[in-house]
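Novice: Quick one: the structure is below, questions incoming.
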Amino acid sequence: MPHRLSSYRDITGHPMLGPALLIAWLLIGALLLKAWIWGVYGPVRSYNLATSDIRHDKGCAYIAAIEKHPLGWPLVEFAGDSPGNSNSRLLLWEDGQPVANAHAAHKAIAKSGSAGYSYWGKELWFSAAECSDPRTNGRRYQVSVPLSPSLLAYGLGCLAWLYFGFSLTRHCAGDVAISNICRTLRAGANLLFTPVDLVRRPRLASAVALAILLYSCGYLMWIWTTGHSVSYAVAGWLPFSDASGYLACANALLDTGNLAEWCQRRAAYPAFLAGINMLGGRQLFYVLLLQAAFIAGAIFVLVRRISAHIPGVAALASVSLLLAYAMNYAFATTMTENAGLIFGCLALALLIIAAEERSLPWVLAGSALLSVALNARAGALLVLPALVLWAGIAAWLSGGRVWLWAAGTAIAILAGFALQAGLLLFVGGDMTSSQSNFSYTFYGLSVGGLGWEQVKVDHPEILAIASGTARSHVIYALAWQNLTTEPMLFLTGLAKNFRVYIADGSFGFQVLGPAAPVAKFFWWLAWLPILLRLRNPLYLLLALLSLGIAASAPVLMSDGGFRVFAATAAVDAIQVAIGIGAFVHAGVAATAWIRAFRTPDPISGRNPALPMDTRTAFDVSSALLALGILLLPFSPLARLGAQPSAVFNGCGEGEKTVVTRINRGGNVTLNIVGARPSTTSFHGTVVRDDLANGSLWPWLAELYSDLPVSFSGRSFVWVPQSSISRQAFPKPYFGYVDDDLSHYDGKLMAFCGDELEVRRLFDQPYLKLRVAAELETQP
């Protein structure tokens with residue numbers, strides 16, 4: 065008899081039980097070993113460096129010998145850096161203060177004092193403050209080195225763990241009274257290798273939702289406390305380039321009810337950000353946390369819905385993939401990728417319901433929401449006609465009216481475009497400005513895929529056109545001229561982008577580091593079950609969406625990169641999960657064959673004995689909540705988010721007046737300090753040397769290169785509006801102040817600025833400001 069799963073969450077008595085228990089045991093061992101290697105739970109050796117162990121290298125660099133044989137050798141050792149990796153977790157302290165910039169380049173250490181340190185091999189390279197001699201400067205140097213397992217320990221530990229695992233799982237798989245550890249292993253095996261179906265398990269679902277939320281918000285806290293920078297956010301806090309533009313538009317929408325022309329190209333995200341701004345009290349600290357919470361919620365909604373179709377290990381992988389994508393392209397930034405990811409995940413969840421229930425209303429709802437996602441973050445727009453094709457085929461498979469499903473879906477995918485037009489109509493914007501920046505990409509393709517900035521090189525005269533919309537019209541005309549004159553160049557550009565897509569995909573698996581090849585393998589493996597089950601609407605949906613992404617990639621890949629696919633990133637994540645499910649299914653089949661059983665029912669899909677779940681209120685309410693936040697700035701409640709105007713007349717002749725509330729009302733302040741503060745700060749504090757030498761984000765070192773020489777400021781200020789003798793205007797002020805503004809947090813301050821003193825930093829002109837008055841003594 066075939067061995068069926070007794071329930072959707074039980075593999076007791078199944079031939080997969082023994083191998084599943086063993087794999088669960090090995091995973092526990094791998095997690096414990098990884099935690100030790102990371103120094104999370106491993107022992108740490110701390111001691112003071114003796115001056116006799118320190119010798120001079122060259123320049124400011126000195127070398128200290130580290131203990132070669134710590135207590136426990138040869139089973140444990142101190143792991144240093146080596147070519148190709150940065151394993152060392154050694155910490156260096158100077159007079160009780162942590163030294164920044166671990167893994168620093170040896171040339172940089174020799175060049176200047178306090179340049180960082182490098183634990184290379186078995187020796188420590190470092191430079192003392194002020195390039196002094198650490199042997200004679202009277203300072204105390206202490207190192208803390210986590211112990212790492214040696215190669216011998218790896219081998220012996222793995223053999224022992226594997227032997228014990230075989231014995232234990234053999235016992236736990238038998239029909240005998242089981243111990244607590246066996247129950248734990250069986251529960252772990254059930255969670256990993258059977259569909260967990262979070263819709264039916266509210267307690268487990270609540271735990272998963274809480275874990276995703278805590279991880280998302282915890283990542284932001286880590287960014288802020290360490291001062292690490294991410295794309296478009298200095299120290300994870302100060303927005304620049306496009307991020308500052310969208311934040312300025314969101315603030316202006318609340319204060320004036322208008323959107324600047326630049327933001328009209330994608331009006332949905334500034335509106336969504338304005339809604340979050342209202343809920344967060346116009347404080348970026350809470351705004352970014354709320355935005356991260358919305359991302360976490362959208363990921364949970366999707367994983368909750370797909371969890372009935374894939375094993376638990378695959379669901380865990382899909383969560384990890386989407387969080388990794390958000391960490392690189394969404395969290396800590398005010399970029400359109402946030403809205404694309406949120407609405408994309410919610411839309412795919414609704415489309416999965418549509419595939420399960422084969423219901424036209426769900427098809428229309430999911431298609432409309434995906435259209436909203438692609439208008440908020442323009443990307444793989446060709447997935448929309450793919451949805452129309454899917455609806456027609458799904459209707460045919462379900463015995464429905466093909467023309468009705470296809471026509472209804474074709475109308476539904478116009479919802480995002482209608483929303484974009486409606487938002488522009490509300491703010492009195494230019495309808496032709498929608499997605500106008502695509503003209504740059506189109507021109508780059510028309511000259512052979514040379515990039516979106518090529519039009520500035522070929523036609524610098526367009527930069528004189530003040531209106532972005534008018535400029536886009538001119539660029540489109542130039543691109544069409546190129547296309548009609550030399551069409552082969554356009555095809556060359558498409559081919560170049562498609563080669564990039566084939567090599568790297570649209571998700572950007574590189575962010576996974578060493579796990580990237582594994583994710584790519586499962587992505588390609590997923591095509592096997594997808595093609596074999598095309599009569600299943602869910603697998604047909606994934607196939608057509610993936611083809612729509614592939615068809616869009618030649619137009620977008622080289623210019624937009626992976627971030628441009630934020631609205632469809634969930635499709636790639638679920639496809640990887642399907643591949644993992646297929647791999648688990650293959651393991652079940654192989655185990656059954658080895659044990660002379662007939663091939664069991666797949667455990668990578670929903671148990672056919674169970675009725676289809678119809679609890680969809682959570683999915684619907686989540687989608688409606690996201691749409692409600694987007695429309696909130698256009699409701700009567702928007703007046704609650706507007707900031708009152710203030711007047712200050714104390715600045716001198718010719719000086720600019722800036723009145724703002726520090727870190728409130730949309731203001732963002734980044735404090736530059738000379739040393740790491742002794743107390744934790746979540747309000748934008750970064751060590752000056754860390755920012756200048758690129759240790760927090762290498763790309764910023766170029767933007768910040770003139771800071772150590774010519775910049776003496778203590779704080780950067782981003783002000784979304786200024787009130788003097790006129791109302792607030794949407795264009796923000798960028799300024800720097802020779803004072804630590806953390807002392808004025810929450811207070812209404814007046815600044816005066818001289819337009820002759822401007823520094824260009826982070827691709828923006830920064831006006832030097834001086835504190836003129838403290839208009840409120842209490843925040």
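Converting from the sequence shown to our numbering requires adding 64 to each position, the first position being numbered 1. Note that the Cβ used here is the ideal one computed from N, Cα and C, for glycine as well.
#1: Can you list, in chain order, the residues of its chain with a C-beta nearer than 7 Å to that of residue 411? Leave out the 5 residues immediately preceding and following it.
#2: Tell me which residue opens and which closes the beta strand (DSSP E) that residue 383 is part of.
#3: On the criterion of 16 or more Cβ atoms from any shown chain inside 10 Å, does residue 47 qualify as buried, or is it exposed?
#4: Decide if residue 799 is buried, meaning its Cβ has at least 16 other Cβ atoms within 10 Å, or exposed.
#5: Beta-carbon separation of residue 637 and residue 570 under 9 Å?
#6: With 9 Å as the threshold, decide whether the Cβ of residue 400 is near any Cβ in chain B.
#7: When the distance is taken between beta carbons, is residue 392 closer than 9 Å to residue 582?
#8: Answer with buried or exposed for residue 782, where buried requires no fewer than 16 other C-beta atoms within 10 angstroms of its C-beta.
#9: Considering Cα atoms alone, identify which of 379, 509, 173, 514 is closest to residue 188.
#10: Taking a contact to mean a Cβ-Cβ separation below 9 Å, would you say residue 323 touches residue 331 in this structure?
#11: In chain order, what residues of the same chain lie with their CB nearer than 8 Å to the CB of residue 346, ignoring the 5 residues before and after it?
#12: Assign residue 146 to one of two classes, buried (16 or more other C-beta atoms within 10 Å of its C-beta) or exposed (fewer than that).
#13: I'd like the span of the alpha helix (DSSP H) that includes residue 45, first residue to last.
#14: For residue 724, write down the residues that DSSP places opposite it in a beta bridge.
#15: Could you check whether residue 206 and residue 111 sit closer than 9 Å to each other, using their CB atoms as the reference points?
#16: Measure from the alpha carbon of residue 722 to the alpha carbon of each residue in 165, 817, 538, then state which is nearest.
#17: Once the 5 residues before and after residue 327 are set aside, which same chain residues still bring their CB inside 6 Å of it?
#18: Can you tell me which of the three DSSP states residue 340 falls into?
#19: For the stretch 341-370, list the alpha helix (DSSP H) runs that are entirely contained and at least 4 residues long, ordered along the chain.
#20: Could you give the C-beta distance for residue 404 and residue 630, rounded to a whole number, given that I count them as a contact under 8 Å?
#21: In three-state DSSP terms, what is residue 112?
#22: When the Cα of residue 170 is compared with those of 482, 477, 123, 158, which residue comes out closest?
#23: Identify, in the order they occur along the chain, each residue of the same chain with its Cβ nearer than 7 Å to the Cβ of residue 354, setting aside the five sequence neighbours on each side.
#24: Who are the Cβ neighbours of residue 470 in its own chain at under 6 Å, not counting the five residues just before and after it?
#25: Is the beta carbon of residue 801 less than 9 Å from the beta carbon of residue 834?
#26: Are residue 851 and residue 193 close, meaning C-beta to C-beta below 9 Å?
#27: According to DSSP, residue 799 sits in a beta bridge with which residue or residues?
#28: Which of the three DSSP states is assigned to residue 838 in this structure?
#29: Rank 587, 427, 203 by C-alpha distance to the C-alpha of residue 163 and give the top, closest one.
#30: Could you tell me if residue 697 is buried or exposed, where buried requires 16 or more neighbouring beta carbons within 10 angstroms of its beta carbon?
#31: With DSSP collapsed to three states, give me the class of residue 322.
#32: Using CA atoms only, rank isn't needed, just tell me which of 549, 551, 525 is closest to residue 539.
#33: In angstroms with no decimal places, state the Cα-to-Cα distance between residue 829 and residue 397.
#34: Just tell me which of 644, 700, 445, 684 has its CA closest to the CA of residue 256.
#35: From which residue to which residue does the beta strand (DSSP E) around residue 189 run?
#36: With which residues is residue 303 paired in a DSSP beta bridge?
Specialist: On the basis of the coordinates in this document:
#1: Here residue 411 corresponds to residue number 347 of the sequence shown, with the count starting at 1. So the list reads 430, 433, 434, 437, once near-sequence residues are dropped.
#2: Numbered from its first residue, the sequence shown carries residue 383 at position 319. It is not in any beta strand (DSSP E) - residue 383 instead sits in the alpha helix (DSSP H) that spans 376-393.
#3: Residue 47 cannot be examined here, being either before or after the span of the chain that is shown, 65 to 843.
#4: In the sequence shown, residue 799 corresponds to position 735, counting from 1. Buried, by the Cβ-count rule.
#5: The sequence position of residue 637 within the sequence shown is 573, counting from 1. The sequence position of residue 570 within the sequence shown is 506, counting from 1. The Cβ atoms of residue 637 and residue 570 lie no closer than 9 Å to each other.
#6: Included in the structure is just one protein chain, with no chain B present.
#7: By one-based count along the sequence shown, residue 582 stands at place 518. By one-based count along the sequence shown, residue 392 stands at place 328. Not a contact, by the Cβ cut-off of 9 Å.
#8: The residue given as residue 782 occupies position 718 in the sequence shown. Looking at its Cβ environment, which holds 16 or more other Cβ atoms inside 10 Å, residue 782 is buried.
#9: Working through the sequence shown from its first residue, we reach residue 188 at position 124. Nearest of 379, 509, 173, 514 to residue 188, Cα basis: 173.
#10: What you label residue 323 is simply residue 259 of the sequence shown in a count that begins at 1. What you label residue 331 is simply residue 267 of the sequence shown in a count that begins at 1. Yes, the Cβ-Cβ distance between residue 323 and residue 331 is below 9 Å.
#11: Your numbering for residue 346 matches position 282 in the sequence shown. Hits under 8 Å: 315, 318, 705, 707, 728, 729, 730.
#12: Along the sequence shown, read from residue 1 onward, the residue named residue 146 stands at position 82. For residue 146, the predicted structure reports a pLDDT of 40, less than 50, and the residue's modelled location is therefore unreliable. The matter cannot be settled from this model.
#13: With the chain running from 65 to 843 in the structure shown, residue 45 is simply not present.
#14: If you number the sequence shown from 1, residue 724 lands on position 660. 813.
#15: Mapped onto the sequence shown, residue 111 falls at position 47. Mapped onto the sequence shown, residue 206 falls at position 142. Contact: yes.
#16: The residue labelled residue 722 in the question sits at position 658 within the sequence shown. For the residues 165, 817, 538, the minimum Cα distance to residue 722 belongs to 817.
#17: Reading the sequence shown from its first residue, position 263 is the one you call residue 327. Hits under 6 Å: 313, 334.
#18: Translated into the one-based positions of the sequence shown, residue 340 becomes position 276. In the structure shown, residue 340 sits in a helix (DSSP, three-state: H, G or I).
#19: 348-370
#20: Mapped onto the sequence shown, residue 404 falls at position 340. Mapped onto the sequence shown, residue 630 falls at position 566. Residue 630 and residue 404 do touch by the CB rule: their CB atoms are close to 3 Å apart, below 8 Å.
#21: Residue mapping note: residue 112 aligns to position 48 of the sequence shown, counting from 1. In the structure shown, residue 112 sits in a strand (DSSP, three-state: E or B).
#22: Here the question's residue 170 lines up with position 106 in the sequence shown. Of the listed residues, the one whose Cα sits closest to residue 170 is 123.
#23: Position 290 of the sequence shown holds residue 354. 340, 343, 344, listed in sequence order.
#24: As a working note, residue 470 is residue 406 in the sequence shown. Closer than 6 Å at the Cβ level, and outside the excluded window around residue 470, lie 452, 455, 456.
#25: Here residue 801 refers to the residue found at position 737 of the sequence shown. Here residue 834 refers to the residue found at position 770 of the sequence shown. Yes, these two residues count as a Cβ contact at 9 Å.
#26: Because the chain is modelled from 65 through 843, residue 851 falls outside the range shown and cannot be assessed.
#27: Here residue 799 corresponds to residue number 735 of the sequence shown, with the count starting at 1. 781, 831.
#28: Your numbering for residue 838 matches position 774 in the sequence shown. Strand.
#29: In the sequence shown, counting from the first residue as 1, residue 163 sits at position 99. Answer by Cα proximity: 203.
#30: Here residue 697 refers to the residue found at position 633 when the sequence shown is read from its first residue. With 16 or more other Cβ atoms inside 10 Å of its own Cβ, residue 697 counts as buried.
#31: As a first step, residue 322 is located in the sequence shown; it is residue number 258 there, counting from the start. Residue 322 falls in the coil class under three-state DSSP.
#32: Working through the sequence shown from its first residue, we reach residue 539 at position 475. Measuring from the Cα of residue 539, the nearest candidate turns out to be 525.
#33: Residue mapping note: residue 829 aligns to position 765 of the sequence shown, counting from 1. Residue mapping note: residue 397 aligns to position 333 of the sequence shown, counting from 1. One C-alpha to the other measures close to 20 Å.
#34: Locating residue 256 in the sequence shown gives position 192, where the first residue counts as 1. Residue 644 is the option with its Cα nearest to residue 256.
#35: Within the sequence shown, residue 189 is the residue found at index 125, counting from 1. Residues 187-191.
#36: The residue given as residue 303 occupies position 239 in the sequence shown. DSSP output for residue 303 lists 297 as bridge partner(s).
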